[in-house]
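Structure record follows, encoded as structure tokens.
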Amino acid sequence: MSASIYEKLEQLGIELQAPAAPAAAYKTWVQSGNLLFLSGHIARQNGKPWVGQLGRDLDTASGKQAARAVAIDLLGSLHAATGDLNRIAKVVKLMCLVNSAADFTEQHLVANGCSDLLAEVLGERGEHARSAFGASQIPLGACVEIELIVELN
Amino acid sequence: MSASIYEKLEQLGIELQAPAAPAAAYKTWVQSGNLLFLSGHIARQNGKPWVGQLGRDLDTASGKQAARAVAIDLLGSLHAATGDLNRIAKVVKLMCLVNSAADFTEQHLVANGCSDLLAEVLGERGEHARSAFGASQIPLGACVEIELIVELN
Amino acid sequence: MSASIYEKLEQLGIELQAPAAPAAAYKTWVQSGNLLFLSGHIARQNGKPWVGQLGRDLDTASGKQAARAVAIDLLGSLHAATGDLNRIAKVVKLMCLVNSAADFTEQHLVANGCSDLLAEVLGERGEHARSAFGASQIPLGACVEIELIVELN
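Protein chains in written order, with our numbering: chain A, 464 to 616; chain B, 464 to 616; chain C, 464 to 616.
Right under this line is the structure:
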């Protein structure tokens with residue numbers, strides 16, 4: 464028998480946090496029909512923006528870790544939005560923005576840090592369509608920002 | 464009693480314009496089910512593209528004004544699409560692209576220019592999920608471009 | 464009588480290909496309700512990433528050709544996803560990322576390479592809402608990346 468979502472999180476040593484209040488005039492998520500639209504979540508480290516540009520200040524492995532940290536924050540927001548992650552029917556679409564210097568071309572490998580964790584925690588329901596590309600900057604200088612569309616049961 | 468949407472627009476001295484014809488091979492909006500997808504609207508000033516890069520040619524306050532101008536154009540398109548802004552159930556999702564130099568990190572404050580006006584005019588129905596980030600350029604050199612997903616009644 | 468979708472493709476000399484397996488941890492498409500979300504497809508030439516930055520390595524006409532190549536790959540993915548392109552009710556929304564140097568401002572003209580082909584092949588059903596803007600880079604150094612939302616019957 465496969466572990467439940469919350470057992471899986473415990474096995475991975477992940478403790479979900481309540482989402483931070485948005486730093487500006489918007490909401491962390493909005494539901495329309497059975498689709499939940501999550502706002503872009505920037506990467507954080509020790510509660511502060513995970514700052515840096517890929518290809519200038521950070522390498523691909525660090526960027527991937529930052530994207531994994533965003534995945535954990537997205538799961539925290541999803542838990543807060545749904546009350547129970549088992550209500551997730553599937554992750555539909557992910558958009559991953561990577562703060563990129565002009566010659567950094569591994570945005571897809573950075574984004575895997577988020578995609579891999581979603582699949583590990585949610586199983587088949589975590590598999591999603593995706594776009595990843597380079598942003599010239601991200602709010603507060605963060606290295607990665609990710610938004611999500613999720614279908615609920 | 465709260466003012467209606469159109470009274471609010473009048474109080475703010477805002478006159479909605481019919482949307483300009485798209486400058487290329489696409490439509491200003493497409494409806495699918497009860498979701499209305501609005502194309503990216505670039506900032507305009509006196510009918511011409513509001514040109515410039517944040518962190519190079521424009522400061523945050525100017526960018527915020529440009530984003531507010533986009534909000535007015537988006538409301539004009541929404542009025543044209545719906546015939547009556549009261550048909551809006553809620554603004555679901557906003558994506559704000561800010562033409563950004565490599566070190567400009569206040570895309571979220573620029574985006575507030577749009578978010579704040581939508582909330583002021585539409586009230587709770589104007590509150591939305593959002594992503595804001597830096598684009599390396601925007602069509603016609605515009606400083607801001609914003610697209611919207613809106614749920615209709 | 465207008466030619467069917469597949470007759471139109473034949474007239475244009477276009478042979479659809481099965482989509483390449485995603486180069487990372489995501490799926491080529493996910494369906495939610497009657498909406499099909501296609502992942503970002505990067506431009507390819509002779510089976511390899513179509514590399515380059517607009518305004519530095521490539522001109523607008525080349526970028527437009529690359530966007531047309533992406534449209535053909537998107538149609539290949541749509542055929543694989545649906546089994547029959549006639550199941551498409553309408554193309555809803557297109558997002559076109561153009562790998563752009565700081566002074567390139569013709570992302571909308573590049574995107575037309577994709578929009579024009581969708582309209583030519585699918586007719587009215589191919590007309591869509593759209594955003595186009597400059598990315599500071601794109602995975603594997605590709606010049607163009609396009610994602611799509613399509614409504615099915």
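We put the CB at the ideal spot given by N, CA and C, even for glycine.
Closest Cβ-Cβ distance between residue i and chain B: below 8 Å?
i: D536(C); result: no
i: N575(C); result: yes
i: D522(C); result: no
i: L603(A); result: yes
i: C559(A); result: no
i: G503(A); result: yes
i: C606(A); result: no
Can you give the Cα-Cα distance for residue i and residue j, rounded to whole angstroms?
i: L517(A); j: A595(C); result: 23 Å
i: E473(B); j: H542(B); result: 14 Å
i: V533(A); j: V607(A); result: 8 Å
i: L479(C); j: Y469(B); result: 50 Å
i: S578(A); j: V613(A); result: 13 Å
i: A544(B); j: A564(C); result: 35 Å
i: E587(A); j: G576(A); result: 17 Å
i: P602(B); j: N562(C); result: 13 Å
i: G597(B); j: R531(B); result: 17 Å
i: Q494(C); j: P482(C); result: 16 Å
i: L498(A); j: D547(A); result: 15 Å
i: R507(C); j: Q528(C); result: 11 Å
i: V573(B); j: D522(C); result: 31 Å
i: S467(A); j: L475(A); result: 12 Å
i: L560(C); j: A605(C); result: 10 Å
i: I609(B); j: A524(B); result: 17 Å
i: I477(B); j: K471(B); result: 9 Å
i: P485(B); j: P485(C); result: 33 Å
i: M558(C); j: G510(A); result: 32 Å
i: S599(B); j: S599(C); result: 5 Å
i: S616(C); j: D520(A); result: The residue asked about is misnamed: residue 616(C) is Asn in this sequence, not Ser. Looking at the two C-alpha atoms, the distance is approximately 48 Å.
i: M464(A); j: G496(C); result: No answer about M464(A) holds up, because its pLDDT of 43 lies below 50 and its placement is not dependable.
i: V555(C); j: K556(A); result: 15 Å
i: P409(C); j: P512(B); result: Limits of chain C in this structure are 464 at one end and 616 at the other, which puts residue 409(C) out of reach.
i: L611(B); j: L611(C); result: 15 Å
So with Cβ pairs under 8 Å, would you call residue i a contact of chain A?
i: V514(B); result: no
i: F567(B); result: yes
i: H571(B); result: yes
i: G597(B); result: yes
i: S540(C); result: no
i: K511(C); result: no
i: D547(B); result: no
i: N473(B); result: Looking at the sequence provided, one finds Glu at residue 473(B) rather than Asn. Not closer than 8 Å to any Cβ of chain A, the Cβ of E473(B) fails to qualify, so no.
i: Y489(C); result: yes
i: E614(B); result: yes
i: S525(B); result: no
i: A486(C); result: yes
i: Q600(C); result: yes
Against chain C, with Cβ distances strictly below 8 Å, would residue i count as a contact?
i: M464(B); result: Because M464(B) carries a pLDDT of 43, less than 50, the predicted location of this residue cannot be relied on, and no value is offered for it.
i: V555(B); result: no
i: A506(B); result: no
i: E610(A); result: no
i: S495(B); result: yes
i: L580(B); result: no
i: L499(A); result: no
i: S467(A); result: no
Can residue i be considered in contact with the ligand GTP, in the sense that its beta carbon sits closer than 7 Å to one or more heavy atoms?
i: L560(B); result: This structure does not include the ligand GTP; it has no bound ligands of any sort.
Positions along the region 583-595 of chain C whose CB lies within less than 7 Å of some CB in chain B: E590, H591, A592, R593, S594 and A595
Pairing CB atoms from the region 496-510 of chain A with CB atoms from the region 588-599 of chain B, are three or more of them under 8 Å? yes
Is the region 536-547 of chain A close to the region 566-583 of chain C, with three or more CB pairs under 8 Å? no
Which ranges does the beta strand (DSSP E) cover as unbroken runs of at least 3 residues, wholly within the region 477-512 of chain A, from first to last along the chain? 492-495 and 498-505
Could you tell me whether the region 550-559 of chain C touches the region 508-528 of chain C, where touching means 3 or more Cβ pairs closer than 8 Å? no
Just checking, does the region 576-584 of chain B make contact with the region 485-497 of chain C on the three C-beta pairs under 8 Å criterion? no
Which runs of the beta strand (DSSP E), 3 residues or longer, sit entirely within the region 511-591 of chain A? 551-562
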